[in-house]
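Using the numbering used here, the final residue of the sequence shown is 1232, and nothing's skipped along the way.
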Amino acid sequence: MNEIVSGVLEGMDRQIEQAVCDQDTISSALVGMSDLSDEIMLCILRHVPVCDLLTNVANVCQKLHALCYDKTLLAHVKFSEEYKADDQLVRHTLKLLANHVQSLSLNSCYWLSVSTLELLARCRGVTHLDVTGCRFTSLCLSRLLSSLSSLRSLAFDVRPCFNSALLSSEAVDSLSRLKELRQTLFTPSYGVVPCCAQLRKLMLQFDIPDVTKEGVGVCCQLMVGQSSVPHYEQLEEFTARLAPGEVNQTLLLLYLAVFSVHIPKHLRVFIVSVPGPNPAHWPAAPSLAKSLGQRGDLVALQLPRTWLDPMSLKQALEGNSPKHLSFSRCPALWPQAFESLLNGGVRDASHLISLNLSGINHVPYSECRSVEDQLVARTVSHLAAACSNVKHLNLMHTHYHHEHSPGLDGETHLCASLGRFQHLRSLTLPACALSDGVNTNHISARNSAPSLLFQGLKKATRVGLQNYKPHSEPSPAGDTTSGLTSLTAGCPFLETFEIIGPGFASTLPRLEPCTRASVEPRGMCAWAKGVGDAHLAALEALPRLRRLTLAGLPGVLRGTGLVQLAKRCRDLRVLSLANLGSLKTMNYTAALVETLKHCTQLQELRLEQPYLNANASFFEALSSCTRLQRLCLISRCGTFDPSATEAFIERCCHVVMCHMFMGGTLVACKTLQKSLLDRFSAERPPLSVVIYPLQHEDLPSVIRGIPLTLLDRITLFQSHVAQPPHLSPM
């Protein structure tokens, strides 16, 4: 690690020397790192992980040693995703940090031992602590809280072994002074909420299965006397994120029981994300909406579709200037949402930063769709003009069928209207929104009724695969990219882009029931079929692209557009590909292999395809992604090469997550899993290896055993775009 740090410093020296060297006075003294001001040096060191900062950089020279211990660098420390930080390194760092740190995050450090976590008690000046995903016992948590008398913000997990009765009086006293609390609940419980009398922010995540691993149903009965009714008086923000399951919804209503009696007078953020088509009704929602509207300081609002009606929504938004709004899967609110945003229902729509309209106009495929059920370019143009500062926009599970409907200034395509969101950083679109039209030849052939004489006798038309070539002319059959080109030209700063087809549903069983209830059968939207390799190649105009999701795109067959994209978007960090092209065969294997060779900055790869062959050539290409940290392969009928997998893990030393849900036998999967863990766990403590047959009956329990922070990375149940920073959807 010392060699790496020294190499970085030498490289920075060379860059600085080249930048400041005057060509006319080339013989003058060159400027090095030691000649920079302390302010510039601190800005540089702020990007160095704290473990490297204290154990390596601080030992280079006296000046760097003094700067590395500057309070501005050590006041806020994050160990999250520092996968090279094992128990020994974290212990050493915590000893050095004890008198400096104020905010400490060990979020997702699931590999650290309890003995290491107990050293957190030495950091007595900590005011903000995040230990979500860490393995804490009730007694360990009690001892920690007893030592942190200055604590004001806490984030932790409530596991089945949690017992609030084991908390000491000193721990309860520390909890009584908390201002912020985030709980991840794995068992029906109030957690430590009854001990927190001064809460201003309460963030909850419910991940309780309806059935235990032993097949026993989970009961959700809590003592009413232990509820948190007295402790919502000062509440300003309430957020709740639910995993699928009736128990989670029942427990949520218990937490919300106090709102039926009294709405906190300072409440300005209320976000509840409930998956599935039929969330349990909450009668107090209309009174909550009315209360939020009367105060005029609403910041964020998201409610399940059964909780609000158009009149309640109008009351909630009237007179407010919200920053985050989500109307996900609320088709009944479609007219009122746009009425409030465009016609003065909100005080100032320019304050809006993130807007989630996922599925807001979705009509089931079996019902008749009209123009009013689709996005209109003119409406989106007006929305872009009113909400000029939107950075995150989600239009998943909606429809747009290009029929030259004009927008502002004569714009005829939805993508041209979206290009007016000049500050956009993340965007999720349905596949049909990119299409310039439908292949009229296919439509006419499909709609024309053949003569009975030829039924069963006429040879079916042979449809070839798309064979896109870079810089070729767009096809007149409907896969032109003029609309997408307008979008990329208007939003060149996009960092996250998701294109999801209407028929996509992940095969992961943990999320499958809720997913399939909200999508239509694959292929029902003819416009989505027109999105092919030319559209993917057009994304090369987004040089800042870092996260790309492509799911449920039947028109992408050869995958040549992926290669063109990867060559230009060299900073791509996260790539998710799911169900591209035909589901009966995988025709873009060669292009995928070529694409991976260009993704040198890739850190996460999620690949879901029914017939994936993870052979030696695939893993050899994947080894080109030398910075890869997380890999997830999902293939119901896929195959894998054990020796190639092991060689890949050996070459890519940064990989800490290898999850493969494939075909094959249980014995073969378990053998490879054990081999990888036995060989690499010692040198990579965070290593998480799960290899399991996708069709095995015990897979749901295996999924529940994966650390939640890793599981969230491999699921595509809902988009992660247009959500408030502290709430990511399931």
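Every residue, glycine too, gets a C-beta built ideally from N, C-alpha and C.
Residue environment, residue i, which counts as buried when at least 16 other CB atoms sit within 10 Å
i: Glu820; result: buried
i: Leu641; result: exposed
i: Leu843; result: buried
i: Gly798; result: exposed
i: Leu1168; result: exposed
i: Cys697; result: buried
i: Met813; result: exposed
i: Ser652; result: exposed
i: Ser539; result: exposed
i: Gly1207; result: exposed
i: Cys563; result: exposed
i: Thr686; result: buried
i: His470; result: For the chain, the structure presents residues 503 to 1232; residue 470 sits outside this window and is missing.
i: Gln796; result: exposed
i: His1037; result: buried
i: Thr998; result: buried
i: Arg1072; result: exposed
i: Ser1190; result: buried
Helix, strand or coil at residue i [DSSP, three-state]
i: Lys703; result: strand
i: Lys961; result: Here Lys961 scores only 42 on pLDDT, less than 50, and its place in the model is too uncertain to base an answer on.
i: Leu986; result: helix
i: Glu1000; result: strand
i: Gly861; result: coil
i: Ala802; result: strand
i: Leu1010; result: coil
i: His853; result: helix
i: Phe995; result: coil
i: His783; result: coil
i: His1241; result: As displayed, the chain neither begins before 503 nor continues past 1232, which places residue 1241 out of reach and without an answer.
i: Phe1121; result: helix
i: Phe708; result: strand
i: His899; result: coil
i: Arg1206; result: helix
i: Thr881; result: helix
i: Asp1180; result: helix
i: Tyr571; result: coil
i: Ala600; result: coil
i: Ser671; result: helix
i: Glu841; result: helix
i: Asp588; result: coil
i: Glu1148; result: helix
i: Thr1087; result: coil
According to DSSP, residues forming a beta bridge with residue i
i: Val1192; result: His1161
i: Asp659; result: Thr686
i: Lys580; result: Ser607
i: Val1076; result: Arg1049, Glu1106
i: Thr752; result: According to DSSP, which records beta bridges pairwise, Thr752 is partnered with nothing at all.
i: Ala1116; result: Phe1142
i: Asp632; result: Ser607, Ala657
i: Leu931; result: Ile1001
i: Leu1055; result: Leu1082
Residue span of the beta strand (DSSP E) that contains residue i, given as start and end
i: Phe740; result: 739 to 744
i: Val771; result: 771 to 775
i: Cys1134; result: 1132 to 1136
i: Leu827; result: 826 to 828
i: His1037; result: His1037 -> not in any beta strand (DSSP E); alpha helix (DSSP H) instead, spanning 1035 to 1040.
Span of the alpha helix (DSSP H), counted from its first residue to its last, around residue i
i: Ile542; result: 540 to 547
i: Gln817; result: 812 to 819
i: Phe923; result: Phe923 -> no alpha helix (DSSP H), and no H or E assigned at all.
i: Arg645; result: 640 to 649
i: His1100; result: 1091 to 1100
i: Asp554; result: 552 to 557
i: Val616; result: 616 to 619
i: Leu1064; result: 1062 to 1070
(message) Across the stretch 611 to 630 and the stretch 565 to 574, are there enough close Cβ pairs to call them in contact, namely three or more that are closer than 8 Å?
(response) They do not touch, by the three-pair rule.
(request) State whether the stretch 667 to 679 contacts the stretch 643 to 651, with contact taken as three or more CB pairs (one from each stretch) at a distance under 8 Å. (result) The stretch 667 to 679 is in contact with the stretch 643 to 651.
(message) Taking 8 Å as the cut-off, does the stretch 1162 to 1179 touch the stretch 596 to 608 (at least 3 CB pairs, one atom from each stretch)?
(response) Contact between the stretch 596 to 608 and the stretch 1162 to 1179 is absent, because fewer than three Cβ pairs lie under 8 Å.
(message) Taking 8 Å as the cut-off, does the stretch 922 to 929 touch the stretch 878 to 891 (at least 3 CB pairs, one atom from each stretch)?
(response) Touching, yes.
(message) Any contact between the stretch 1074 to 1082 and the stretch 1101 to 1116? By contact I mean 3 or more CB pairs, one from each, below 8 Å.
(response) Pairwise C-beta distances place the stretch 1074 to 1082 in contact with the stretch 1101 to 1116, as three or more of them are shorter than 8 Å.
(request) Pair every Cβ in the stretch 1124 to 1137 with every Cβ in the stretch 1088 to 1103, then say whether three or more of these pairs are closer than 8 Å. (result) Counting Cβ pairs under 8 Å, three or more are found: they touch.
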